[in-house]
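Residue numbers (this note's numbering), protein chains in the order written: chain A, 46 to 322; chain B, 46 to 322; chain C, 46 to 322; chain D, 46 to 322. For glycine and all other residues, C-beta sits at the position ideal for the given N, C-alpha and C. It should be emphasised that the depicted structure is a prediction, and the values quoted were computed from it without experimental measurement.
Number of protein chains: 4
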Amino acid sequence: MLKTTKQSKPSSWKNNLHEIIYEADTRAGKFFDVILLIAILASVLLVMLESVDSFDKKYHSFLNFSEWIITILFSLEYIARIISIKKPLKYIFSFYGIVDLLSTLPKYLSLFFIGSHHLAALRALRLLRIFRVLKLARYVGASNNLMTALKASKAKISVFLFFVFILCIILGTVMYMVEGEENGFTSIPRSVYWAIVTLTTVGYGDIAPHTPLGQFIASIIMILGYGIIAIPTGIVTSEMSKSKLSAIDTNTQSCKYCSAENHKDNSLYCYNCGNKL
Amino acid sequence: MLKTTKQSKPSSWKNNLHEIIYEADTRAGKFFDVILLIAILASVLLVMLESVDSFDKKYHSFLNFSEWIITILFSLEYIARIISIKKPLKYIFSFYGIVDLLSTLPKYLSLFFIGSHHLAALRALRLLRIFRVLKLARYVGASNNLMTALKASKAKISVFLFFVFILCIILGTVMYMVEGEENGFTSIPRSVYWAIVTLTTVGYGDIAPHTPLGQFIASIIMILGYGIIAIPTGIVTSEMSKSKLSAIDTNTQSCKYCSAENHKDNSLYCYNCGNKL
Amino acid sequence: MLKTTKQSKPSSWKNNLHEIIYEADTRAGKFFDVILLIAILASVLLVMLESVDSFDKKYHSFLNFSEWIITILFSLEYIARIISIKKPLKYIFSFYGIVDLLSTLPKYLSLFFIGSHHLAALRALRLLRIFRVLKLARYVGASNNLMTALKASKAKISVFLFFVFILCIILGTVMYMVEGEENGFTSIPRSVYWAIVTLTTVGYGDIAPHTPLGQFIASIIMILGYGIIAIPTGIVTSEMSKSKLSAIDTNTQSCKYCSAENHKDNSLYCYNCGNKL
Amino acid sequence: MLKTTKQSKPSSWKNNLHEIIYEADTRAGKFFDVILLIAILASVLLVMLESVDSFDKKYHSFLNFSEWIITILFSLEYIARIISIKKPLKYIFSFYGIVDLLSTLPKYLSLFFIGSHHLAALRALRLLRIFRVLKLARYVGASNNLMTALKASKAKISVFLFFVFILCIILGTVMYMVEGEENGFTSIPRSVYWAIVTLTTVGYGDIAPHTPLGQFIASIIMILGYGIIAIPTGIVTSEMSKSKLSAIDTNTQSCKYCSAENHKDNSLYCYNCGNKL
Numbered sequence: 046m047l048k049t050t051k052q053s054k055p056s057s058w059k060n061n062l063h064e065i066i067y068e069a070d071t072r073a074g075k076f077f078d079v080i081l082l083i084a085i086l087a088s089v090l091l092v093m094l095e096s097v098d099s100f101d102k103k104y105h106s107f108l109n110f111s112e113w114i115i116t117i118l119f120s121l122e123y124i125a126r127i128i129s130i131k132k133p134l135k136y137i138f139s140f141y142g143i144v145d146l147l148s149t150l151p152k153y154l155s156l157f158f159i160g161s162h163h164l165a166a167l168r169a170l171r172l173l174r175i176f177r178v179l180k181l182a183r184y185v186g187a188s189n190n191l192m193t194a195l196k197a198s199k200a201k202i203s204v205f206l207f208f209v210f211i212l213c214i215i216l217g218t219v220m221y222m223v224e225g226e227e228n229g230f231t232s233i234p235r236s237v238y239w240a241i242v243t244l245t246t247v248g249y250g251d252i253a254p255h256t257p258l259g260q261f262i263a264s265i266i267m268i269l270g271y272g273i274i275a276i277p278t279g280i281v282t283s284e285m286s287k288s289k290l291s292a293i294d295t296n297t298q299s300c301k302y303c304s305a306e307n308h309k310d311n312s313l314y315c316y317n318c319g320n321k322l
Numbered sequence: 046m047l048k049t050t051k052q053s054k055p056s057s058w059k060n061n062l063h064e065i066i067y068e069a070d071t072r073a074g075k076f077f078d079v080i081l082l083i084a085i086l087a088s089v090l091l092v093m094l095e096s097v098d099s100f101d102k103k104y105h106s107f108l109n110f111s112e113w114i115i116t117i118l119f120s121l122e123y124i125a126r127i128i129s130i131k132k133p134l135k136y137i138f139s140f141y142g143i144v145d146l147l148s149t150l151p152k153y154l155s156l157f158f159i160g161s162h163h164l165a166a167l168r169a170l171r172l173l174r175i176f177r178v179l180k181l182a183r184y185v186g187a188s189n190n191l192m193t194a195l196k197a198s199k200a201k202i203s204v205f206l207f208f209v210f211i212l213c214i215i216l217g218t219v220m221y222m223v224e225g226e227e228n229g230f231t232s233i234p235r236s237v238y239w240a241i242v243t244l245t246t247v248g249y250g251d252i253a254p255h256t257p258l259g260q261f262i263a264s265i266i267m268i269l270g271y272g273i274i275a276i277p278t279g280i281v282t283s284e285m286s287k288s289k290l291s292a293i294d295t296n297t298q299s300c301k302y303c304s305a306e307n308h309k310d311n312s313l314y315c316y317n318c319g320n321k322l
Numbered sequence: 046m047l048k049t050t051k052q053s054k055p056s057s058w059k060n061n062l063h064e065i066i067y068e069a070d071t072r073a074g075k076f077f078d079v080i081l082l083i084a085i086l087a088s089v090l091l092v093m094l095e096s097v098d099s100f101d102k103k104y105h106s107f108l109n110f111s112e113w114i115i116t117i118l119f120s121l122e123y124i125a126r127i128i129s130i131k132k133p134l135k136y137i138f139s140f141y142g143i144v145d146l147l148s149t150l151p152k153y154l155s156l157f158f159i160g161s162h163h164l165a166a167l168r169a170l171r172l173l174r175i176f177r178v179l180k181l182a183r184y185v186g187a188s189n190n191l192m193t194a195l196k197a198s199k200a201k202i203s204v205f206l207f208f209v210f211i212l213c214i215i216l217g218t219v220m221y222m223v224e225g226e227e228n229g230f231t232s233i234p235r236s237v238y239w240a241i242v243t244l245t246t247v248g249y250g251d252i253a254p255h256t257p258l259g260q261f262i263a264s265i266i267m268i269l270g271y272g273i274i275a276i277p278t279g280i281v282t283s284e285m286s287k288s289k290l291s292a293i294d295t296n297t298q299s300c301k302y303c304s305a306e307n308h309k310d311n312s313l314y315c316y317n318c319g320n321k322l
Numbered sequence: 046m047l048k049t050t051k052q053s054k055p056s057s058w059k060n061n062l063h064e065i066i067y068e069a070d071t072r073a074g075k076f077f078d079v080i081l082l083i084a085i086l087a088s089v090l091l092v093m094l095e096s097v098d099s100f101d102k103k104y105h106s107f108l109n110f111s112e113w114i115i116t117i118l119f120s121l122e123y124i125a126r127i128i129s130i131k132k133p134l135k136y137i138f139s140f141y142g143i144v145d146l147l148s149t150l151p152k153y154l155s156l157f158f159i160g161s162h163h164l165a166a167l168r169a170l171r172l173l174r175i176f177r178v179l180k181l182a183r184y185v186g187a188s189n190n191l192m193t194a195l196k197a198s199k200a201k202i203s204v205f206l207f208f209v210f211i212l213c214i215i216l217g218t219v220m221y222m223v224e225g226e227e228n229g230f231t232s233i234p235r236s237v238y239w240a241i242v243t244l245t246t247v248g249y250g251d252i253a254p255h256t257p258l259g260q261f262i263a264s265i266i267m268i269l270g271y272g273i274i275a276i277p278t279g280i281v282t283s284e285m286s287k288s289k290l291s292a293i294d295t296n297t298q299s300c301k302y303c304s305a306e307n308h309k310d311n312s313l314y315c316y317n318c319g320n321k322l
């Protein structure tokens with residue numbers, strides 16, 4: 046069987062497997078990806094329902110059984126991914142490789158450590174594949190665009206968050222001294238926690254100032270926080286205005302050799318390792 | 046009776062009705078629309094007051110009676126709208142057509158299902174007609190302008206909200222494992238709910254972390270949320286800066302044949318079906 | 046006595062009074078304004094302290110006495126302002142004229158209506174004069190600039206807030222039906238209030254959803270609110286980026302005839318009524 | 046010993062000390078700065094842990110002892126900084142000079158005033174040195190850039206916050222009259238505090254309106270606050286879009302004579318006092 050449409054290399058079952066698992070251009074590949082996404086969604090729901098006591102009591106054995114089936118399927122998929130790729134190590138240590146592993150491990154670990162199966166919720170990260178699968182050019186473009194703007198503003202945002210953190214330590218300490226333990230500010234770390242809750246305008250209300258001076262200082266912190274929130278917004282916005290929506294690649298192929306993605310639409314060779322796609 | 050001012054077609058009571066109901070250019074049309082808006086406002090208030098126990102006990106029969114009168118008036122208006130238009134199906138399945146139907150149905154349904162009459166609050170959506178009625182060019186323009194910017198940033202906002210949702214699932218699971226059931230984090234779905242409440246800086250305080258580690262993670266989530274809120278703002282702003290306030294149409298006519306709206310100010314034929322306006 | 050420095054009109058005590066009260070260019074005018082601001086600040090503090098029970102009990106007669114003195118002084122100032130201006134009616138019905146009147150009335154009214162003296166806190170609005178007095182060109186310019194941007198985006202912001210309000214009515218009704226009275230959602234108006242508290246990310250926590258479905262809907266509202274908050278910001282920002290910081294006038298004179306303000310720096314005649322300044 | 050690499054002045058132990066303490070270009074200087082940062086971090090953690098009752102009870106003597114050691118080390122460092130600089134007064138009254146002093150004083154004061162040692166948390170401000178030490182050009186640039194934009198928008202932000210404050214006084218007074226003492230609005234200052242909590246969307250929930258009219262007014266305040274938050278963001282963003290990322294200096298040297306920092310990368314003389322670096 047010789048397949049020359051897209052690959053000039055002699056086609057083998059490994060190549061076919063690679064095309065099905067890693068790409069969404071062929072019919073089989075797309076079908077596989079959609080099934081996979083449904084399985085991921087189902088498994089995330091399973092983990093969530095398992096944690097609800099009333100549900101778990103009624104359907105414990107069913108939930109446990111389904112969970113085992115999904116875990117085994119995911120394990121098989123993980124092995125298939127390693128086999129079908131030319132450079133398995135690159136996949137294993139890539140973001141998706143680690144996430145795929147973390148999606149199967151917790152259930153096995155739960156045999157030894159009680160409670161560790163909750164970590165299976167990390168599978169939710171696998172849902173990020175949805176953008177690739179749906180071939181939503183706009184979405185992939187939008188996401189790349191977002192990333193570029195965020196990367197460009199990383200330095201400024203870091204400086205900003207560092208300032209905010211130092212500010213919260215100092216404000217928390219001041220409030221600890223003003224309000225004292227009898228008003229819920231039982232320690233400096235707890236007061237710093239309160240300062241963060243207030244400055245970010247979350248405002249749980251589990252700790253709140255009671256003395257007039259404390260409320261006065263809190264008011265200043267809030268108005269400060271109201272002004273401060275403008276800063277990250279200003280950073281991201283000005284960065285985003287700069288970034289241009291340049292050519293967006295909708296190619297969902299990934300290299301068999303180095304598993305690099307985001308190839309140009311009509312590229313024949315991998316931009317990363319030079320091998321044929 | 047021949048009317049050649051705006052329409053060359055032989056004028057009939059259907060045409061007159063169409064002009065009164067669907068347009069706000071003539072005196073009668075404007076009068077009808079203003080009366081309609083007042084009736085909508087009154088009916089929304091009625092539904093709200095009906096739900097207040099102390100009010101309902103005192104004036105139950107009055108509220109019920111008024112509600113029936115308004116429902117019947119709205120039903121008649123709905124029938125008139127269907128009769129006077131050339132292509133009734135197009136209206137029936139349009140946004141306003143569905144809203145108009147939903148404004149009358151709940152009261153009839155309340156004869157069979159108790160409580161369903163509260164759905165009549167959906168009438169509030171009919172209030173959106175206000176911009177058309179008041180012929181506020183600026184407002185119509187502003188609203189179109191807003192829509193253009195929002196549509197352009199839809200892809201990016203979707204990617205963003207999807208990320209936020211996955212983030213909340215993972216953070217919620219982590220907090221469920223850290224805080225546990227004794228601190229109110231009774232299940233993963235509930236913890237995810239808490240994560241959303243925190244990340245969006247709503248912060249009810251009905252669930253709040255109690256352990257030092259939980260408060261530490263919560264602090265990180267809050268500061269994260271503080272930074273994350275900058276992203277949708279950046280997206281919308283950069284999109285809005287791009288969009289230009291082009292020609293704004295203040296024409297409130299709508300086509301008799303296809304009920305298309307937003308015609309150019311001095312257009313004689315429908316841009317959609319080519320018939321005379 | 047002839048004064049030709051700034052005014053060619055025969056100078057009189059009225060002219061002098063006008064210059065002292067309405068302008069901050071001369072020494073006497075500046076002195077008057079600073080004294081006035083201190084008096085306003087003191088009176089606002091008085092009203093606030095009067096409402097604190099523990100304070101009022103101790104110093105009731107002192108607070109009451111001071112309040113009367115300040116009220117009488119403000120009344121005299123109000124009369125002086127009316128006398129010294131050429132067109133008193135224009136001043137009386139201007140924003141500052143109404144505020145000045147409202148600063149004195151409550152105390153007199155308190156002789157007849159108990160509690161009305163709290164309205165004296167409206168005096169705080171008089172503090173807005175501070176920008177004029179301090180001749181802070183930058184601040185006046187900044188404030189004009191802000192106003193221009195806000196006026197330009199008024200139409201869009203109105204449309205936006207109207208949408209938000211309709212949205213809250215519908216979401217409130219849905220939550221009223223989902224959660225019901227046993228969970229604190231006792232009526233539709235109260236549920237609408239909750240929807241506003243949630244959508245604006247205030248989140249008091251006095252009303253919070255308890256059923257899983259309610260929490261699910263609430264989560265969607267919050268994420269929606271997180272995205273929606275980007276809209277007004279986007280509007281104001283794009284408007285503000287457009288507006289240019291053109292010439293800023295630091296002239297604090299105001300016309301004797303029509304009390305128009307914001308004259309160009311070296312203007313000799315009122316831009317509004319054509320009379321000499 | 047003559048050192049001509051960077052300074053033509055006869056090298057002395059003072060010069061060496063200056064280079065180690067104030068600069069991060071040499072190996073010794075960098076080493077010193079890293080050790081210092083670790084010490085600062087440790088000391089901030091110490092102060093925080095000391096305030097936690099359960100910790101303090103167990104390890105009181107250890108915490109106290111460590112605190113004394115760090116205080117003495119910081120004191121020695123402070124003295125070394127004064128000795129090694131040519132114009133000590135300039136350092137003493139600089140921002141970092143005051144922070145450095147405040148980092149040591151509280152522990153000494155705690156001998157006389159109980160509780161004052163908590164002020165040692167002000168040491169957190171010393172952590173701001175981290176940007177200089179790590180020679181993170183991007184971060185220093187980002188921070189300068191941020192500062193420029195913030196300074197440019199200072200006037201507008203001040204006007205805005207002043208408006209917000211006056212608004213809160215008036216809204217607080219209205220709510221005090223509407224809700225009254227029985228609903229938690231016990232005084233005008235407390236109601237103003239509530240208005241600030243609400244307008245800034247913090248929303249603790251410790252005070253919340255109970256009457257329908259109060260909830261209606263609160264709803265308006267919240268929607269207002271939702272719109273108002275757009276203003277500072279708009280200001281900072283438009284300012285930030287204007288500011289250009291001009292040349293960023295990564296030089297960490299500081300002048301021996303006037304302790305000016307931020308020298309151009311290849312500058313040989315201090316831009317401030319003209320002396321050799």
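Could you tell me whether the Cβ atoms of residue i and residue j are closer together than 8 Å?
{"i": "Ser129 of chain A", "j": "Ile66 of chain A", "result": "yes"}
{"i": "Gly250 of chain D", "j": "Tyr249 of chain C", "result": "yes"}
{"i": "Thr256 of chain A", "j": "Val223 of chain A", "result": "yes"}
{"i": "Glu95 of chain C", "j": "Leu108 of chain C", "result": "yes"}
{"i": "Tyr136 of chain D", "j": "Ile127 of chain D", "result": "yes"}
Would you mind telling me which residues of chain C sit closer than 9 Å to residue i, beta carbon to beta carbon, in chain order?
{"i": "Ile211 of chain D", "result": "Ala169, Leu170, Leu172 and Leu173"}
Report all residues from its chain with a CB closer than 7 Å to the CB of residue i; omit the five preceding and five following residues, and keep chain order.
{"i": "Ala125 of chain A", "result": "Leu62 and Ile66"}
Output, in chain order, the set of chain C residues within a Cβ distance shorter than 8 Å of residue i.
{"i": "Thr278 of chain A", "result": "Thr278"}
Who are the neighbours of residue i on chain C, taking C-beta pairs under 7 Å?
{"i": "Gly250 of chain A", "result": "Gly250"}
{"i": "Met93 of chain B", "result": "Ile233 and Pro234"}
Report the neighbours of residue i on chain A: residues whose CB is nearer than 9 Å to its CB, in chain order.
{"i": "Thr282 of chain C", "result": "Thr278, Gly279 and Thr282"}
{"i": "His105 of chain D", "result": "By Cβ distance, chain A contributes nothing, its closest Cβ being about 14 Å from His105 of chain D, past 9 Å."}
What in chain A is Cβ-close to residue i, meaning under 7 Å?
{"i": "Ala253 of chain B", "result": "Tyr249 and Asp251"}
In the DSSP assignment, find the alpha helix (DSSP H) that holds residue i and state where it starts and stops.
{"i": "His63 of chain D", "result": "Trp58 to Tyr67"}
{"i": "Tyr238 of chain B", "result": "Ile233 to Leu244"}
{"i": "Ala21 of chain A", "result": "With chain A running from 46 to 322 in the structure shown, residue 21 of chain A is simply not present."}
Taking C-beta pairs closer than 8 Å, name the residues in chain D that residue i reaches, listed in chain order.
{"i": "Tyr238 of chain A", "result": "Ordered by position in chain D, no residue passes the 8 Å Cβ test against Tyr238 of chain A, which lies about 11 Å from the chain."}
In chain order, what residues of the same chain have a beta carbon less than 6 Å from the beta carbon of residue i, not counting five sequence neighbours either side?
{"i": "Thr246 of chain D", "result": "Gly270"}
Any chance the region 82 to 89 of chain C sits against the region 162 to 178 of chain C, with 3 or more Cβ pairs inside 8 Å?
With a cut-off of 8 Å, the region 162 to 178 of chain C and the region 82 to 89 of chain C count as touching, because enough Cβ pairs lie within range.
Give a yes or no on contact between the region 221 to 239 of chain B and the region 226 to 235 of chain D, applying the rule of three or more CB pairs nearer than 8 Å.
With the cut-off at 8 Å, the region 221 to 239 of chain B and the region 226 to 235 of chain D do not touch.
At least 3 beta-carbon pairs within less than 8 Å: the region 148 to 158 of chain C vs the region 111 to 126 of chain C
Yes, the region 148 to 158 of chain C is in contact with the region 111 to 126 of chain C.
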